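Enquirer:
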Amino acid sequence: MDRMGIHSSMRLGWVVAFSALMAFYYFIPELEITDSRYVLGISDAFLRSGSLDMRRLVKAYANEALVDNYYFLIRSTDLAPDVIATAKKAGIGPFGKGRGADFYILREIASFVPGAAAGISDATYPLLPLYPNWPSFLCAPVSVLTSALGAPVYDGVAFHDDRNALYQRILAAAVAALTIVFFYAAARCVVARPLAMALAAWLGAGLIASSTSRALWSDTFALPLCFAGLTVFMRVVVARRATSYWPFLLAALLSLAFMMKPLYAIPSAMLGLLVVLAPEIPLRSKVSFAATCLAFAILFVVTSFTTYGALLPPYFAPMRVNPFDPSHILGVLVSPSRGLLWFMPSALLLFFTPFFVLRDRRLLVASAIGVAAVTLVILSISGFQTWWGGFSYGPRLFQPALPALALLALITAQAAGNLGRPAQAALLSLFGVVACWEAFVHIGGVSSGRGMQWNVSPVSVDDAPERLWDWSDPQFLAAFLKRRPIRDLSPLPQDAWVQMPSACSDRFAGDGISGREAEFRWTDGNDAEILFAPPPAEVGSLTMEVLPLVDPSHPLQHVGIDINGTEIGAVLLTEPRWTPLQFNLPPGVMKSQNALTLRLPDAHRPPASGDTRLLGVAIRRFALTSEPGASSLPVADICK
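Everything in the sequence shown is counted per the working numbering, starting at 491 for the first residue and increasing by one.
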């Protein structure tokens, strides 16, 4: 085969590999879009108006009530003094500070100040983005294309949730695949193809699979920028393939990574320091690199000052990170539901990289810088009050450490080549086992709805952070364990309503029961369990009030109910209204430990809502009664 044919085959191979990797990320079951909800909408709105005032966008999104909308900020100068005073009494303080004004989060004002939501709906003052704007700016080509095709996320009138979910899923899968391609290219500078592919598989099957690839988070954009920078650095320093423009390219990549999310200052600074210390890089190139970084810093400050009246946007303010808390550090490392020991043990192993390269001064310095970068990320995460990262699968806040871990993995792989064959085999086998474990945890976890459902069932992890230390219900095994251990079952009240919006329902919510909402709890999945010990006396019937999810595409909800495997009834629901259900209990069906199971074959995702749960029925309340008829039952004491 001639040289042209070889190059054509290689290009085809890259296309096939990238497409396969993108398909892998795309078909991993979708996680819920939360913080990234408005990334594409802001891009659409900005191109339409040329402004970051998002009042019209907020008003267009009818599915997001103001009391739930934490994505935007209000200047204190646009709020009445009594509103600020009321917020202060409710414990609501400013999120950040601009020139002559503080910024408050939209949801907090709308939720805790009576009447504020109505005033905000007709506001004449700007609503500014809370999260970094630069991911939206990078999405401008997507907005131009979708607008040209007549199918943008935000068309100036309405916000289209279905398009938002589809576009985010496609783009996130493509960008995550690109991140792995960059890492493979960097690895090929120091190791042979088989090991480079193994390293790429390790990175791609871990935190990127379970977090980065699922939506357009800031991390989704920042990581490929950092890994592209790592590739440029490796090609220049290791492969000696320097070009005249590489300092400008590397500086642009690292600067943009920081502009996506503030914690990426750490991996960007790591690579920047390596550039400064590399003896093979001429001074002129280092000056060009520094000058380009300065130019981007000026651009960042100017856009921030123009938008927020401050040198840094509120989201980038250093005051957001508190001094690190030792208990938070322990959580980041070993919590059964967020700890690195369970989700990314390779991160802890790679801390020992400097010991493998003690005789190579350059690699020792590089590995020490990499370890310092990982340590700084851990300390930074521990400075957040919600160090677990809210609703996520595993330690999603740890993503800024991935470029440093990748550098340490490359150094370890390079050092392994200098070991004897037995030691090399042992080292690579150890890392291989760890990589397989991480793939099992991350891919297995997000391939089951239980992985994300863990965050809200039986109660929100943000409301009950002690769950992060519940060793009987670890998130890393959520896909494989029942939601609630059978030994902890609570006795069910007799002849009294258990109210599902109340905290008392947490005692009984099992697998498939979603988190508490204002008036009910949804079932999530094709089966949902209510677990309980029997009431103190004999009962004869079960009563519950449910609201089925029915719509034109799913006009029916079949509901079958059994207790401990014995069917006690079934019903077909067709109307979206609260419906009382009552079933007689067969003699002897009750045991010392009971599982009431709802079978919901028609459960589905609600159309055009962005909610990725498989919803069947909403349950408002239920009761076990000694006699038929429950209209006059009182509320159970435990629910008052």
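Virtual Cβ for every residue (Gly too), placed ideally from N, Cα, C. Remember, predicted model here, so these are calculated numbers, not experimental data.
Should Phe966 be labelled buried (16 or more other beta-carbon atoms within 10 Å of its own) or exposed?
Expert: Phe966 should be labelled buried.
Enquirer: Distance check for Leu831 and Ala608, CA to CA, integer angstroms please.
Expert: Going from the Cα of Ala608 to the Cα of Leu831 covers about 47 Å.
Enquirer: Rounded to the nearest angstrom, what separates Ala513 and Tyr754 at their Cα positions?
Expert: Using only the alpha carbons, I get a separation of about 27 Å.
Enquirer: Which partner residues does Tyr561 have in the DSSP bridge list?
Expert: Per DSSP, none; premise fails for Tyr561.
Enquirer: Output needed for Val824: all residues of its chain with C-beta closer than 7 Å, excluding positions within five of it in sequence on either side, in chain order.
Expert: Excluding residues within five positions, the ones whose Cβ falls inside 7 Å are Leu831.
Enquirer: Measure the Cβ-Cβ separation of Ala993 and Arg1011 and say whether it is below 8 Å.
Expert: Going by C-beta atoms, Ala993 is not nearer than 8 Å to Arg1011.
Enquirer: From what residue to what residue does the alpha helix (DSSP H) around Arg538 run?
Expert: Arg538 -> alpha helix (DSSP H) spans Val529 to Ser539.
Enquirer: In whole angstroms, what separates the C-alpha of Gly696 from that of Ala800?
Expert: Their Cα atoms are separated by approximately 37 Å.
Enquirer: Taking the C-alpha atoms as reference points, what is the distance between Thr797 and Ala550?
Expert: Near 22 Å, if we compare the C-alpha coordinates of Ala550 and Thr797.
Enquirer: With the cut-off set at 8 Å, would you say Ala747 and Leu789 are in Cβ contact?
Expert: No, these two residues do not count as a Cβ contact at 8 Å.
Enquirer: So, Leu713 versus Gln889, is the Cβ gap smaller than 8 Å?
Expert: Going by C-beta atoms, Leu713 is nearer than 8 Å to Gln889.
Enquirer: Using 8 Å as the threshold, is the C-beta distance between Ala894 and Ala858 below it?
Expert: No, these two residues do not count as a Cβ contact at 8 Å.
Enquirer: From Ala580 to Tyr561, what does the alpha carbon distance come to, in whole angstroms?
Expert: Rounded to whole angstroms, Ala580 to Tyr561 spans 20 Å at the Cα level.
Enquirer: Identify the residues that DSSP records as bridge partners of Trp1012: which are they?
Expert: According to DSSP, Trp1012 bridges with Ala1108.
Enquirer: Going by DSSP, which residues form a beta bridge with Trp987?
Expert: Trp987 is bridged to Val1125.
Enquirer: Have a look at Val923 and Leu656 and give me their C-alpha separation to the nearest angstrom.
Expert: Each residue's Cα considered, the two are about 35 Å apart.
Enquirer: From this set, Tyr674, Pro1070, Ala780 and Ser708, which residue's C-alpha is nearest Ala507's C-alpha?
Expert: Closest by alpha carbon: Tyr674.
Enquirer: Sort Trp877, Leu848, Ser794 and Pro835 by Cα distance to Ile819 and report the nearest one.
Expert: It is Trp877.
Enquirer: According to DSSP, simplified to helix, strand and coil, what is His818?
Expert: Of the three classes helix, strand and coil, the one that applies to His818 here is helix, per DSSP.
Enquirer: Less than 8 Å between the CB atoms is what I'm expecting for Pro803 and Ser794, so what's the real figure, rounded?
Expert: With 8 Å as the limit, Pro803 and Ser794 qualify as a contact, their Cβ atoms being about 5 Å apart.
Enquirer: For Gln1070, list the residues DSSP reports as bridge partners.
Expert: In the sequence under discussion, the amino acid at residue 1070 is Pro, which differs from the Gln named in the question. Per DSSP, Glu1035.
Enquirer: What does the Cβ neighbour count give for Tyr644, buried or exposed, with the cut at 16 atoms within 10 Å?
Expert: Its Cβ being crowded by 16 or more others within 10 Å, Tyr644 is buried.
Enquirer: Ends of the alpha helix (DSSP H) at Asn654?
Expert: Looking at the DSSP string, the run of the alpha helix (DSSP H) that includes Asn654 is Asp651 to Ala677.
Enquirer: Report the partner residues of Tyr644 according to the DSSP bridge assignment.
Expert: For Tyr644, which the question treats as bridged, DSSP gives the partners Phe649.
Enquirer: Specify, as a first and last residue, the run of the alpha helix (DSSP H) that Ser775 falls within.
Expert: Leu773 to Tyr798 is the span of the alpha helix (DSSP H), which, as asked, contains Ser775.
Enquirer: Report the partner residues of Arg1006 according to the DSSP bridge assignment.
Expert: In DSSP, Arg1006 forms a bridge with Arg1011.
Enquirer: Here's the rule I'm using: 16 or more other beta-carbon atoms within 10 Å means buried, otherwise exposed. How should Thr636 be labelled?
Expert: Thr636 comes out buried.
Enquirer: Would you mind sorting Arg911 into buried or exposed? The rule is 16 or more other CB atoms within 10 Å of its CB.
Expert: Burial call: exposed.
Enquirer: Pull up the distance between the alpha-carbon of Ala613 and that of Ala591, whole angstroms please.
Expert: C-alpha separation (whole angstroms): 17 Å.
Enquirer: For the segment 677-686 against the segment 900-916, are there 3 or more C-beta pairs whose distance is under 8 Å?
Expert: With the cut-off at 8 Å, the segment 677-686 and the segment 900-916 touch.
Enquirer: Flag this pair as yes or no: are the beta carbons of Ser1031 and Phe1073 separated by less than 8 Å?
Expert: The answer is yes: Cβ separation under 8 Å.
Enquirer: For Gln1047, which three-state DSSP category applies?
Expert: If DSSP states are grouped into helix, strand and coil, Gln1047 belongs with the strands.
Enquirer: Under 8 Å: do the segment 977-989 and the segment 924-942 share three or more Cβ pairs, one atom per stretch?
Expert: With the cut-off at 8 Å, the segment 977-989 and the segment 924-942 do not touch.
Enquirer: Taking buried to mean at least 16 other C-beta atoms within 10 Å of its own C-beta, is Ala528 buried or exposed?
Expert: As written in the sequence, residue 528 is Tyr, which differs from the Ala given in the question. Tyr528 should be labelled buried.
Enquirer: For Leu706, name the three-state secondary structure that DSSP assigns.
Expert: Of the three classes helix, strand and coil, the one that applies to Leu706 here is coil, per DSSP.
Enquirer: Which runs of the alpha helix (DSSP H) fall wholly inside the segment 568-594 and span at least 4 residues, in chain order?
Expert: Runs of the alpha helix (DSSP H) inside the segment 568-594: 571-579.
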